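Read through the structure below, which is laid out as structure tokens, and then see the notes.
2 protein chains.
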Amino acid sequence: MKTTIRDVANAAGVSPATVSRVLNAPELVGDETKIKVQQAIEELGFIPNAIARGLSVQKTNTIGLLVPGIADFFFNELYIGIEEVARNHGMKILLFDSQHSLHRAQEGFTFLKQHQVDGIIFTSRPITKDYDAILSRLEIPVVLVLTQSFGTFPLKSFRVDDVKACYDAVTYLISRGHQRIGMISGPTSDIVAGKPRLLGYKSALQQHQIPIKEDWIEYAGFRFEDGYHAMSRLLEKQKVNKLTAVFTAADEIALGAMRCLHDRGYKVPEDISVMGFDDLRLSHMSTPTLTTVAQPFKQIGELAISHLMKCMVDSSTSIDNGIHYVPHNIVERESVRMILPE
Amino acid sequence: MKTTIRDVANAAGVSPATVSRVLNAPELVGDETKIKVQQAIEELGFIPNAIARGLSVQKTNTIGLLVPGIADFFFNELYIGIEEVARNHGMKILLFDSQHSLHRAQEGFTFLKQHQVDGIIFTSRPITKDYDAILSRLEIPVVLVLTQSFGTFPLKSFRVDDVKACYDAVTYLISRGHQRIGMISGPTSDIVAGKPRLLGYKSALQQHQIPIKEDWIEYAGFRFEDGYHAMSRLLEKQKVNKLTAVFTAADEIALGAMRCLHDRGYKVPEDISVMGFDDLRLSHMSTPTLTTVAQPFKQIGELAISHLMKCMVDSSTSIDNGIHYVPHNIVERESVRMILPE
DNA sequence: CTGTTAGCGCTTTCAG
DNA sequence: CTGAAAGCGCTAACAG
């Protein structure tokens, strides 16, 4: 029923091998035969079976992308970067969503291995030693993105230096005249996006002789609702705290926080400034638009794929692990105001 | 290097066929051998090669998802619905982004065919006869989602009845006392999400004895910026139009429109009410939150997959084409106010 | 430049 | 209940 390379060969009066050649190495084929074959392909509407090819060549030209949640807004930004670069390299993406579950993530590796992907881009909160077992028997290059490894298995990772990025963000707020700066942090148990961002905040205050007060900090998840509630808690203490700005560990948190402020009758940025982290496309769609620190998702995607491609041709490259920090930058929009010295 | 079914067989002292059986039809294997084999699998950390299996069985348990743009917010909602249902059926998703290009979409079909997906879920603006050629030689069941076919190739589709949905939306506005209702429509050349939605708007006005004025309508793309500019054009005529509400063809448009209103000093919904279409997760994150008509993305995903699965077992099912409308519903939030009769 | 042959890793009759 | 053998569609030496 389905036309195979064999059918084409028969139709063109050549061997399957020749057809294969015009497909993969046309320069090795005589002009006349090439034309004959191409016509046959055309007529029969032949579409080569990539599965069979993959099996034969032991290479699928596919890279696996293992992410914690497709519903997470940052996924889009990341995917777009990766997809484009992959395509330019003639690679496809096979996606797997771990749904923020360790178990599902482990399944994900198995799944991608089953599908013989040539490399894997992995992102998730803490990569702990829970992954050591599966990673060590995987025999497929893996690169981390937006995270880093805390397990014993060596893994290259591309990410923003969150401590520095948050330090810079808070320093930016200080430069705009803010002194009473609160923070909505992720959980400190999250050693990837929680703790480091908090650390950056604290160290910026410290460097600028601003005392760190636990009362100025609230802990929350990374979603809109989490931000909303955390802000609400912060406001309960606002009489005494008198915060003029709040730095948040993620854009989505910031959006929730701004909404809460709005509901409580505070104006952003007039009464309180808010700053986010990520620079999602969303952040210029809010009112006010969000001042935030931008993660270069696209660049990270590029670096990850390039690295993977290197690993694929030269497996010794995979020894090149360690963290590669990519530069962040602060994008100013409307949610932060300047406080003029009196 | 990589462990194959053969290695396992050797280790367990059985034939590859037996290993295959414990993997795919354990009930056909004696208990003792089964245990032996399972141990061997465990010890060797054997992960079966899905590529090879697919080749052999002529079935990959994968369904292709061909979408116009992963960056589009609605993609997330759709994907989540589909992914979950697929997983429950033991199917994987292979994703392809056509980037709103006919050419790329055609490539997408070839790509998915190459990868031997068992079925394809396709969504894009108008499915015209441009697809007839590729679709007819595909020999893979295809189902449409959020769109419908205008080509000659018969294709089942699952979607909201946009005309009715928009009719209902505008009727809702009318029921809230609005009479001067404008619209930001998609391009009328878009016969999937442009024209029908406009039609629904017009017919609602008509049914309620409200004259249709072209001055009340602006045409735009579906993005935030498009919405912003269209609203801006609408406001230029506001002195004479005196609109009290604006219905938009998409949530993202609505968000842009609301931002524009904000910038021009109009309050939503006090001065002007705004209503969207889609019910993206975004729409409860804006200020004010967006009243909109919800597309049941998840349900659509479910229906599409179920249909595909039916086609796969019984190819005559694919004859069952035509449009299946899934019910929409209006979700009330903050962006529409009630106008009390004087 | 082209055909022959032997697999890639797994499944599936068909015997036993 | 288990093994042997053939084959899924394509590629890659190796001859010619």
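From first to last, the protein sequence lines are chains A and B.
Taking this note's numbering, I'd label the letters of the first sequence as residues 1 to 342.
Taking this note's numbering, I'd label the letters of the second sequence as residues 1001 to 1342.
Just so it is clear, CB atoms sit at the ideal spot from N, CA and C, and this is done for glycine as well.
Just so you know, these numbers come straight off a predicted model, no measurement behind them.
{"Query": "Whole-number beta carbon distance between P126 (chain A) and V163 (chain A), since they are thought to touch under 8 angstroms", "Result": "With 8 angstroms as the limit, V163 (chain A) and P126 (chain A) do not qualify as a contact, their Cβ atoms being about 16 angstroms apart."}
{"Query": "Min CB distance D1168 (chain B) to chain A below 9 angstroms", "Result": "no"}
{"Query": "Chain-ordered chain A contacts of G1045 (chain B) [CB-CB under 7 angstroms]", "Result": "R137"}
{"Query": "Exposed unless 16 or more other CB atoms sit within 10 angstroms - verdict on G90 (chain A)", "Result": "exposed"}
{"Query": "Cutoff 9 angstroms: G1054 (chain B) Cβ touching any chain A Cβ", "Result": "yes"}
{"Query": "Beta-carbon gap between A1050 (chain B) and Q116 (chain A) smaller than 9 angstroms", "Result": "yes"}
{"Query": "C-alpha gap between D1031 (chain B) and Q1038 (chain B), whole angstroms", "Result": "10 angstroms"}
{"Query": "Simplified DSSP assignment, three categories, for Y228 (chain A)", "Result": "helix"}
{"Query": "Nearest candidate by alpha-carbon position, reference I1305 (chain B), set B:T1171, B:K1129, B:I1063", "Result": "B:I1063"}
{"Query": "H115 (chain A): first and last residue of the uninterrupted beta strand (DSSP E) it sits in", "Result": "H115 (chain A) -> no beta strand (DSSP E), and no H or E assigned at all."}
{"Query": "Within-9 angstroms CB hit, K1298 (chain B) to chain A", "Result": "no"}
{"Query": "Contact set between the region 113-126 of chain A and chain B, restricted to residues whose Cβ is under 8 angstroms from the partner", "Result": "K113, Q114, H115, Q116"}
{"Query": "For E334 (chain A), the three-state DSSP class (helix, strand or coil)", "Result": "coil"}
{"Query": "Contact list for P48 (chain A) against chain B, beta-carbon separation under 8 angstroms", "Result": "Q1114"}
{"Query": "Interface flag, T60 (chain A) vs chain B, CB-CB below 9 angstroms", "Result": "yes"}
{"Query": "Segments of 3+ residues assigned as beta strand (DSSP E) that fall wholly inside the region 267-334 of chain A", "Result": "273-278, 291-294, 322-326, 329-331"}
{"Query": "Any 3 or more C-beta pairs closer than 8 angstroms across the region 216-235 of chain A and the region 293-313 of chain A", "Result": "no"}
{"Query": "Any chain A beta carbon closer than 9 angstroms to F1111 (chain B)", "Result": "yes"}
{"Query": "Nearest-angstrom Cα separation, counted from V246 (chain A) out to D168 (chain A)", "Result": "14 angstroms"}
{"Query": "Beta-carbon proximity check, T1122 (chain B) vs F1111 (chain B), cutoff 9 angstroms", "Result": "Here the sequence assigns Phe to residue 1122 (chain B), which means Thr is not the residue at that position. In this structure, F1111 (chain B) does not lie closer than 9 angstroms to F1122 (chain B) by Cβ."}
{"Query": "Cβ of G1182 (chain B) within 9 angstroms of any chain A Cβ", "Result": "no"}
{"Query": "Cross-chain neighbours of R1259 (chain B) in chain A, by beta carbon under 8 angstroms", "Result": "M285, T287"}
{"Query": "DSSP three-state assignment for E1043 (chain B), whether helix, strand or coil", "Result": "helix"}
{"Query": "Pair within 9 angstroms by beta-carbon distance, A257 (chain A) and A193 (chain A)", "Result": "no"}
{"Query": "Per-residue DSSP class, three states only, for F75 (chain A)", "Result": "helix"}
{"Query": "From A:L55, A:A71, A:F73, A:D118, residue whose alpha carbon lies closest to that of A399 (chain A)", "Result": "Lying outside 1 to 342, the shown extent of chain A, residue 399 (chain A) is not represented and no answer is given."}
{"Query": "Residues from the region 207-224 of chain A in contact with chain B, defined by Cβ distance under 9 angstroms", "Result": "F224"}
{"Query": "Selection of the region 12-35 of chain A by Cβ proximity to chain B, strictly under 7 angstroms", "Result": "none"}
{"Query": "Closer than 9 angstroms to chain B by CB, N76 (chain A)", "Result": "yes"}
{"Query": "As assigned by DSSP and simplified to three states, the class of E139 (chain A)", "Result": "coil"}
{"Query": "Contacts of E83 (chain A) in chain B (Cβ-Cβ under 8 angstroms)", "Result": "I1070, D1097"}
{"Query": "Beta-carbon proximity of P1187 (chain B) to S1124 (chain B), cut-off 9 angstroms", "Result": "no"}
{"Query": "Rounded separation between V1182 (chain B) and E139 (chain A) - CA only", "Result": "Going by the sequence as given, residue 1182 (chain B) is Gly instead of Val. Answer to the nearest angstrom: the Cα atoms are 60 angstroms apart."}
{"Query": "Residues that H262 (chain A) contacts on chain B, provided the C-beta gap is smaller than 8 angstroms", "Result": "T1287"}
{"Query": "Within chain A, partners of Y1266 (chain B) - CB distance below 7 angstroms", "Result": "Those do not exist, as Y1266 (chain B) stays about 12 angstroms from chain A at its closest Cβ, beyond 7 angstroms."}
{"Query": "Entirely enclosed alpha helix (DSSP H) segments - the region 1190-1246 of chain B, minimum 4 residues", "Result": "1195-1207, 1224-1236, 1238-1241"}
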